[in-house]
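Here full-length UniProt numbering is used: position 54 in the sequence shown is 54, and no number is missing along the way.
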Amino acid sequence: MLRLKLFPSYSVLPGKSSINYFSKINIFRRQTFDTYIHHHLFDEIPQKDISSLNSLLNSHTRNGEAVATWDLFLKMHCTRTDLNSYTFTPVLTACAALLDPKRGHQVHALMIKLGVDCEIVPKTALIDLYSKYGQLGDSVSAFYEMRYRDVVAWNAILSSYLRHGLPRKALELFADMRKERVEFSEFTLCSALKACASSRACQQGKQIHAVVIVMGRDLVVLSTALINFYSHLGQIDAAMKIYRTLSCRTDDVMFNTLISGCVRNKRYDAALSIMSLIRPNAVALTSALSACSENSDIWIGKQIHGVVIRQGFTHDTQLSNAVLDMYAKCGKIWEASLVFDRIARKDVVSWTSMIDAYGVHGCGAEAIDLFKRMEGKENTNVLPNSVSFLAVLSACAHSGLVEQGRKYFYMFQEKYGLVPAPEHYACFIDILGRAGQIEEAWSLFPGMVDKNIKPSPAVWAAVVNACRINLDVERGEFAAKCLIQLEPNNPGNYVALSNFFAAIGRWDSVDELRSIMKRRGIIKGGGGSWVTMHKFGDKIEHEHSGTASFGNLQEVLLRNYYV
């Protein structure tokens, strides 16, 4: 009755073959993703064949109903003897979504038993399955066991390498595709560009760009991948050029990628200017708030916060975290705490960001109280991680809370079983050094050796600063040598050493350091002040600079969102 009421034109008479039912299921699958309707149609099939069952499996998988796919497959396995390769493809996809290796291995074993494991479609699904299980070796083995490989199989193994952080291997595989004259798809080129961005393979990325041009693939997905590639390499002007010369239709993903690229390359004016061209979405607003945070632009940040409220994005935890961070970095700690209190579903980033904000503003006691709340009974869903403890230690360092810093440094290891990173040691050494406890700071090094933790430049810089405060010449000189060996071109290290030598009266060493910096072309960037204005540039400047973009954004926000 349900089918007759909803779809009278597709009524079915008894006695028709299951092929008619199968075709109707496929029609409805294209028209709607309602598996409830598919089930009603399926139940009317008098003689259910394997094709109709496979169609229902695919329907569940397309709707993300992995558990339903698995349950149906179990029933089929118990009652049918004609399972084929089309049965296993959606089932493998469901197993990958469930992240249950035991089920995946059982299905693979059954495929081998039935002799369908060598067919190209289920074999490709196996490549993806093992990749998502973190079993790259099995994924690669499945790929090389294939007698024939189509472009989908090549794309699957490319994704596997990228998922496991092996962009160089992905590029080697892409080169093999060219040798075997496999015709690239858009997905192939996007994966190759992602690999080039991750491995900073500039020349190879430009060659792929040339391939895109020659093939005439002016598609938004490829343009987005090219923008991402150039922005990761710091060539934001090239990314902007791709955007300006686009002939295809743009979408939010491309704009979000471009805005993120501008923020990554510190082109905050351009990021906010592009933001004014699109209808705000959560990703774009997050990037724009990052631009305001880095630029310390509270005025535009408040405008964007208004958009977040009016567009109903306050439920988005990640976006709320970005608003919190913006207020904190603009020096508005009270506003940041209000935003934090209003986040309905606080995650570990929410708690850590607020703890860090209190610490940076010298509110060490408030930071510790908030951390206690994070550990307390009222918060049972979120556990502190290594970044949370780093924020607490930093707060203790800023406020001179030595005992609390010591307590949390050891709690980090004993209560939560976390292994401290070099950054945690650097922060704790800074706490001890400021309090004149240089011996305890130095005693931490044997523990680092036992845990196989190599001191980072930040650790040696903290030791140099501690030795400067405590006038410890011998240890300070040793730490200085280690610091310069690790980072010989970092101007901040030379400034720290210069301050150390000046504190112990070694002015000849100060002069020598300046000479070394001059010889090596190491220049410390000058400090600067930011003056907040409510108008940017003038009519003459608008033609050749980005100084007007902040004002433009404000006008758009006021016009469209009444903030």
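Glycine included, every Cβ here is placed at the ideal spot set by N, Cα and C.
Around the beta carbon of residue 335, a 10 Å sphere encloses 16 or more other beta carbons of the protein chains shown; the residue is thus reported as buried. In the structure shown, the three-state DSSP call for residue 448 is helix. In summary, residue 398 is buried, with 16 or more beta-carbon neighbours lying within 10 Å of its beta-carbon over all protein chains present. Around residue 488, the same chain offers 520 as residues with beta carbons nearer than 8 angstroms, after the five sequence neighbours per side are excluded.
Within the stretch 58–112, complete alpha helix (DSSP H) segments of at least 4 residues are found at 66–79, 85–98, given in chain order. Note on geometry: alpha-carbon atoms of residue 298 and residue 330 lie some 6 angstroms from one another. Three or more Cβ pairs closer than 8 angstroms define a contact, and the stretch 284–300 meets that threshold against the stretch 310–323. In the displayed model, residue 189 falls within a helix according to three-state DSSP. Using a Cβ distance threshold of 7 angstroms, residue 104 and residue 95 count as a contacting pair. A distance of 7 angstroms or more separates the beta carbons of residue 63 and residue 86. Of all alpha-carbon atoms in 75, 422, 50, the one lying nearest the alpha-carbon of residue 451 is that of 422. Around the CB of residue 365, fewer than 16 other CB atoms lie within 10 Å, so the residue is classed as exposed. Residue state for residue 443 is assigned as coil, using DSSP reduced to three classes.
Taken atom to atom, the span from the alpha-carbon of residue 506 to that of residue 500 is near 9 angstroms. DSSP, reduced to helix, strand and coil, places residue 169 within a helical segment of the structure shown.
Excluding the 5 residues flanking it on each side, residue 305 has same chain C-beta neighbours closer than 6 angstroms at 323, in chain order. Straight through space, the alpha carbons of residue 433 and residue 463 are spaced by roughly 8 angstroms. As summarised for the stretch 459–534, the continuous alpha helix (DSSP H) elements at least 4 residues long and confined to that stretch are 473–486, 491–503, 507–520, given in chain order.
Under the three-state reduction of DSSP output, residue 365 falls in the helix class. For residue 255, the enclosing alpha helix (DSSP H) has its first and last residue at 252–264. Cβ-Cβ separation between residue 126 and residue 108: approximately 6 angstroms, consistent with a contact (criterion under 8 angstroms).
By the C-beta density criterion, residue 247 is exposed, having fewer than 16 other C-beta atoms within 10 angstroms. Non-local beta-carbon contacts of residue 347 in its own chain, meaning distances under 7 angstroms to residues more than five positions away in sequence, involve 317, 382 in chain order.
It is roughly 42 angstroms from the alpha-carbon of residue 518 to the alpha-carbon of residue 162. The three-state reading of DSSP puts residue 405 in helix, counting H, G and I together.
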